[in-house]
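In order, the protein sequences belong to chains A and B. If you count the first sequence from 1, position 145 lands on 165 in the working numbering, and the numbers rise without skipping. If you count the second sequence from 1, position 117 lands on 137 in the working numbering, and the numbers rise without skipping. Read the structure below first, then the notes.
Protein chains: 2
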Amino acid sequence: MLSKNRIKFINALKIKKFRQNYQSFIVEGSKSVLELLRSDFEVEFVLGTSDFQQKYSSILSQHQTTFETVTLKELEGLGSFQTNDSCLAVARCKENVFLAVENKEYALVLDDVRDPGNLGTIIRVADWYGIEKIICSPDTTDFYNPKVIAASKGSFCRVKVFYTDLAEYMQHHAPGKVVVGAFLDGQSLYEYHFPVQGGFIVMGNESNGIGEGMERWITNRITIPRVGLAESLNVGIATAVMLDNLRRK
Amino acid sequence: MLSKNRIKFINALKIKKFRQNYQSFIVEGSKSVLELLRSDFEVEFVLGTSDFQQKYSSILSQHQTTFETVTLKELEGLGSFQTNDSCLAVARCKENVFLAVENKEYALVLDDVRDPGNLGTIIRVADWYGIEKIICSPDTTDFYNPKVIAASKGSFCRVKVFYTDLAEYMQHHAPGKVVVGAFLDGQSLYEYHFPVQGGFIVMGNESNGIGEGMERWITNRITIPRVGLAESLNVGIATAVMLDNLRRK
Numbered sequence: 021m022l023s024k025n026r027i028k029f030i031n032a033l034k035i036k037k038f039r040q041n042y043q044s045f046i047v048e049g050s051k052s053v054l055e056l057l058r059s060d061f062e063v064e065f066v067l068g069t070s071d072f073q074q075k076y077s078s079i080l081s082q083h084q085t086t087f088e089t090v091t092l093k094e095l096e097g098l099g100s101f102q103t104n105d106s107c108l109a110v111a112r113c114k115e116n117v118f119l120a121v122e123n124k125e126y127a128l129v130l131d132d133v134r135d136p137g138n139l140g141t142i143i144r145v146a147d148w149y150g151i152e153k154i155i156c157s158p159d160t161t162d163f164y165n166p167k168v169i170a171a172s173k174g175s176f177c178r179v180k181v182f183y184t185d186l187a188e189y190m191q192h193h194a195p196g197k198v199v200v201g202a203f204l205d206g207q208s209l210y211e212y213h214f215p216v217q218g219g220f221i222v223m224g225n226e227s228n229g230i231g232e233g234m235e236r237w238i239t240n241r242i243t244i245p246r247v248g249l250a251e252s253l254n255v256g257i258a259t260a261v262m263l264d265n266l267r268r269k
Numbered sequence: 021m022l023s024k025n026r027i028k029f030i031n032a033l034k035i036k037k038f039r040q041n042y043q044s045f046i047v048e049g050s051k052s053v054l055e056l057l058r059s060d061f062e063v064e065f066v067l068g069t070s071d072f073q074q075k076y077s078s079i080l081s082q083h084q085t086t087f088e089t090v091t092l093k094e095l096e097g098l099g100s101f102q103t104n105d106s107c108l109a110v111a112r113c114k115e116n117v118f119l120a121v122e123n124k125e126y127a128l129v130l131d132d133v134r135d136p137g138n139l140g141t142i143i144r145v146a147d148w149y150g151i152e153k154i155i156c157s158p159d160t161t162d163f164y165n166p167k168v169i170a171a172s173k174g175s176f177c178r179v180k181v182f183y184t185d186l187a188e189y190m191q192h193h194a195p196g197k198v199v200v201g202a203f204l205d206g207q208s209l210y211e212y213h214f215p216v217q218g219g220f221i222v223m224g225n226e227s228n229g230i231g232e233g234m235e236r237w238i239t240n241r242i243t244i245p246r247v248g249l250a251e252s253l254n255v256g257i258a259t260a261v262m263l264d265n266l267r268r269k
């Protein structure tokens, strides 16, 4: 049976302050937990139903982690998780490590993306399109928010994120590279050819788009052409369309 | 002050059964409510703060609808809405009217898209890319779910939806048209050219994709090429990428 301390600990990890104090985060759902176990994250413990334990006993036994059998009801009681099917894990956060962009590589830059669902979706989309690095402004929502992890559908294990002051980062790393920004008034994405030397693709805040501080680093203002009447696209959707056009020959 | 009956009525409209009984639905947030007032939906009443009323007095006075001034606290008390900034409206549902697809037109077909956020996103994306009609299986989530309306960001006013048995619909309307289905194993989207004569673009359920009943009507199995390692894309994202490639010359 789950101890009160463990329940308290898991509930605390839903709050950013406590995630930062404990340097731990929650992963829910069998698909994501299995990806976590295969990744290089340090796993603190896994809670799962006896069904889960039986089904994945070989994976669990290979792994140096504490496993505790819990009931589905206990899992459900742990909170407002959407994908909490049969297990939940707690793992150690990684350090916020500097990411450089290699020659011919494109990285995403997020300027204050605030919604955890959007960040999770962007991580998943980046992983689909082979983008391995995301540079985030300090006000971009926390990578380890359970909603980010859930929406990323396991892609949080593969895509690397670095939180930093974007102006400072760009000052050192933008020169000589293209910095493509998604705007509502720019050159048509369909007419733009992403140079092979690589660079950055910048996506802005849900309400305000790319901020002034970041805008001065943009070398190419790009727009996703609109045929109909919707005022805008969601930032996760816009990221996917930008990356699809990047990868399309 | 809001009457208990009105509060009860609004809360009831969060549930599909009651929306169907009353043939009414909720629209929240000033942006969506303003689009609603400009649309051909019959609006039953609008609740708004005095700020909202002052700011949009000319629009409200042009409109034959009841307006009630409420406090922000009263609005917040009305439920779990995310975008409930300064107003909320209740409008009449439209009848489920048959939609034919014209020559050179593409319509979306949704085979059991269950998540309201996904349906709302798809409606918004359709509106962006100039798709005016969506044919939905009966098990696709309800168009008038408040989460669908909220996620569509006003596009629910422009995109038409028809719920029907897809097999029966396809039997009559698919012959002679392309029926493009999004699968994880098909021809590359980048190599496919959508014929000018128009047809259908079919998106499947979040977990199971396109069902067998619908699959037999597919003329072209199409895949969004993957560069990285994510297992799949969210259905809203996949719809956007399909439509972007449709519109890209």
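Virtual Cβ for every residue (Gly too), placed ideally from N, Cα, C.
Alpha-carbon spacing of residue i relative to residue j, whole angstroms
i, j, result
"Asp147(A)", "Gln43(B)", "43 Å"
"Glu94(B)", "Phe163(B)", "26 Å"
"Val133(A)", "Glu188(B)", "43 Å"
"Phe203(A)", "Ile238(B)", "36 Å"
"Ile169(A)", "Arg58(B)", "39 Å"
"Ile142(A)", "Leu130(B)", "23 Å"
"Ile154(A)", "Asn138(A)", "13 Å"
"Gln73(B)", "Glu96(B)", "17 Å"
"Leu98(A)", "Asn41(A)", "20 Å"
"Glu235(A)", "Gly201(A)", "8 Å"
"Phe38(A)", "Pro166(A)", "13 Å"
"Leu67(B)", "Pro215(B)", "47 Å"
"Gln191(B)", "Ile221(B)", "16 Å"
"Leu209(B)", "Asp159(A)", "36 Å"
Residue i at chain B interface by Cβ criterion, 9 Å
i, result
"Ile257(A)", "yes"
"Glu122(A)", "no"
"Tyr210(A)", "yes"
"Ala170(A)", "no"
"Lys93(A)", "no"
"Gly49(A)", "no"
"Asp60(A)", "no"
"Asp264(A)", "yes"
"Gly206(A)", "no"
"Lys167(A)", "no"
Under 9 Å between C-beta atoms of residue i and residue j
i, j, result
"Val110(A)", "His83(A)", "no"
"Ser106(B)", "Leu92(B)", "yes"
"Gln207(B)", "Ile242(B)", "yes"
"Ile46(A)", "Leu108(A)", "yes"
"Phe61(B)", "Arg26(B)", "no"
"Leu56(B)", "Cys177(B)", "yes"
"Val198(B)", "Asn254(B)", "no"
"Leu22(B)", "Glu115(B)", "no"
"Ala250(A)", "Lys28(B)", "no"
"Ala120(B)", "His213(B)", "no"
"Tyr149(B)", "Arg246(A)", "yes"
"Asp135(A)", "Glu226(A)", "yes"
"Ser157(A)", "Tyr183(A)", "yes"
"Ile244(B)", "Met262(B)", "yes"
"Val181(A)", "Ala260(A)", "no"
Coarse secondary structure for residue i, derived from DSSP in three states
i, result
"Tyr76(A)", "coil"
"Val181(A)", "strand"
"Val117(A)", "coil"
"Lys153(A)", "strand"
"Asn265(B)", "helix"
"Tyr126(B)", "strand"
"Asp71(B)", "helix"
"Ile30(A)", "helix"
"Ala171(A)", "helix"
"Gly201(B)", "strand"
"Val145(B)", "helix"
"Thr91(B)", "coil"
"Glu251(A)", "coil"
"Val53(B)", "helix"
"Asn138(B)", "helix"
"Glu62(B)", "coil"
Test: residue i CB closer than 9 Å to a CB of chain A
i, result
"Val133(B)", "no"
"Glu152(B)", "yes"
"Val145(B)", "yes"
"Ser175(B)", "yes"
"Ala260(B)", "yes"
"Tyr149(B)", "yes"
"Gly137(B)", "yes"
"Lys180(B)", "no"
Residue-level contact to chain D via CB, residue i, 9 Å cutoff
i, result
"Thr161(A)", "Given the protein chain composition of this structure (A and B), no chain D is represented."
Legend entry - Residues in the stretch 226 to 256 of chain A having any Cβ partner in chain B nearer than 9 Å: Ile244, Pro245, Arg246, Val247, Gly248, Leu249, Ala250, Glu251, Ser252, Leu253, Asn254, Gly256
Inset, instruction - Pull out every residue of the stretch 189 to 201 of chain A whose Cβ sits closer than 9 Å to any Cβ of chain B, in chain order. - result: none
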